[in-house]
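To start, the structure under review is shown below, and the notes come after it.
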Amino acid sequence: HFWWGSVFLVNIPLMLVSLPIGRMLLPESRGERDGPWDVLGALMAAAGLFGVVLGVKRLGGGEPPLSLLTVMPLLVGAALLYLFVRRQSRRTHPLVDLRMFRRPAFSTSVGCIILAMLALVGLELIAAQYLQLVLGLSPLRTGLRLLPLTAAAMAAGLAGARMLRGLGPRRMVVSGFCLTAAAVVLLTAMGGQDNTPLLLSGFVLLGFGLETTLFGAYESMLSEAPADRAGGAAAIGETSYQLGAGIGIALLGSVMNRAYAPALTSVPGVPASDAAAAGHSLGEAYEIAGRLGGSAGEALRQAARDSFVHGLHVTLLVSAGLLLLGAVMALRLPRTMNCPPESGVVDGEAADRVVGVTELPEPVAAALSEPLVSSVSKGVASTVTELPPPREPGKPRAIA
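Under the working numbering, the residue at position 114 of the sequence shown is numbered 184, and the numbers go up by one with no gaps.
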């Protein structure tokens, strides 16, 4: 009923309402402003990530690997990211203080966030197509089917602080990854027919597992930074959300295309040009099938539907493998919450010795309890300046 771009424009009135409310309710927080903001560095990072994601997407979409439009974005993007890293390591007031990544728990937490968001956004995109184009649900009913995922994520966010105190970051993140992988494997039982109990169970487990993972990883990452650098660490975390979302759409979408398109090249009665076009997406396949009509159109429609379900299963299995990889990665996290003092960053050896999470900071708890699907909409909001020296061993700081 509306122009397709309306899905983006609908956010404008929501933001117009949210901005004045946020100004009234959110506490003010200002940095030290001890250095200029690195505009060039921010542009280099954004352009570099865009180039890499575009190249990966073109490779997965079946474009020629040696095509100039595929190779150039990859090379230029990688070069810009390399230059960005060098620039940040030499600046007195860097946009991103890369020395935080020397802390095993910090770098591991960032990797876990990226993997979790990769799985979430890529699977959500494909699941929406499955519900509408394979099961034939309306957009409204599709949204209602996905609500259990969001509700479960919100429940995990509300219970996150208690789980973190009881389990510690390592067990919490590993458990979240394993639960999410189990949910993804369960969803491979989806077929061409609607199975509401299966979808409900899978989406609930998926939402709860992913938010459990993100909560534990995010808080573990923040605990590795000193109090006066928490904003910079949070900015890195939020950038990880967006990076994982972008890579997830490119990577899992590419896997889906690779598994979906080949079966459509040999449908009886369908010209090669139409078969190639139908391989771009299931929606386009339906349009071509309607135009062809007759037995050829029906054969193409059924083949595209079956091929999409096959591609969905392959994508789910690849996603499950990535989630299990995340569970193995999370074994590097500390067993108990690492609470650094205000004057420094806890070293890697001290991470397993520090105990006691009594209460999460209110801003952190509020941020982590947000719905999972809204996390990718945030950007880098602050800069990171030079880290103070590490703390003296044996003097952990409790989070107030």
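C-beta: ideal position from N, C-alpha, C; glycine also.
Exposed unless 16 or more other CB atoms sit within 10 angstroms - verdict on residue i
| i | result |
| --- | --- |
| Ser-218 | Note on residue identity: the sequence assigns Pro, not Ser, to residue 218. Per the 10 Å Cβ criterion, buried. |
| Glu-281 | buried |
| Pro-143 | buried |
| Glu-194 | buried |
| Gly-158 | Reading off the sequence shown, one finds Gln at residue 158, where the question assumed Gly. Buried is the call here. |
| Ser-324 | buried |
| Val-80 | exposed |
| Gln-312 | buried |
| Glu-419 | In this prediction, Glu-419 scores a pLDDT of 43, lower than 50, which makes its location untrustworthy; the coordinate-derived value is nonetheless stated afterwards. Per the 10 Å Cβ criterion, exposed. |
| Thr-162 | exposed |
| Leu-110 | exposed |
| Thr-406 | buried |
| Val-427 | Since pLDDT at Val-427 reaches only 41, below the 50 mark, its modelled position is unreliable, and no value is offered. |
| Phe-154 | buried |
Segment limits, alpha helix (DSSP H) that includes residue i
| i | result |
| --- | --- |
| Gln-202 | Unbroken run through Gln-202: none, as it is neither H nor E. |
| Met-85 | 81-95 |
| Met-291 | 266-293 |
| Val-141 | 138-160 |
| Gly-261 | Run containing Gly-261: none; DSSP gives neither H nor E here. |
| Gly-302 | 300-330 |
Distance CB(residue i)-CB(residue j) smaller than 7 Å
| i | j | result |
| --- | --- | --- |
| Tyr-200 | Leu-387 | no |
| Gly-192 | Ile-319 | yes |
| Ala-223 | Gly-277 | yes |
| Gly-272 | Leu-284 | no |
| Leu-138 | Gly-118 | no |
| Ala-348 | Ala-374 | yes |
| Pro-404 | Ala-175 | yes |
| Thr-178 | Arg-361 | no |
| Leu-334 | Ala-342 | no |
| Val-126 | Gly-262 | no |
| Gly-246 | Gly-279 | yes |
| Ala-303 | Ala-295 | yes |
| Ala-331 | Val-384 | no |
| Thr-140 | Arg-128 | yes |
Residue i: CB within 6 Å of a non-hydrogen atom of the ligand NAD
| i | result |
| --- | --- |
| Gly-307 | No copy of the ligand NAD appears in this structure; indeed no ligand is present at all. |
| request: Give a yes or no on contact between the segment 178-189 and the segment 307-327, applying the rule of three or more CB pairs nearer than 8 Å. | output: Using a Cβ-Cβ distance cut-off of 8 Å, the segment 178-189 and the segment 307-327 are in contact, since at least three pairs of beta carbons, one from each stretch, lie closer than that value.
| request: Ignoring anything shorter than 4 residues or poking outside the segment 346-371, list the alpha helix (DSSP H) runs there in chain order. | output: 352-362
| query | Would you call the segment 361-369 and the segment 335-344 touching, i.e. three or more CB-CB distances under 8 Å? | reply | Enough Cβ pairs lie closer than 8 Å, so yes.
| Below 8 Å, can you find three or more Cβ-Cβ pairs linking the segment 281-291 to the segment 240-255? | yes
| said: For the segment 243-262 against the segment 387-406, do three or more pairs of beta-carbon atoms, one drawn from each stretch, fall closer than 8 Å, so that the two count as touching? | reply: yes
| request: State whether the segment 170-181 contacts the segment 351-367, with contact taken as three or more CB pairs (one from each stretch) at a distance under 8 Å. | output: Touching, no.
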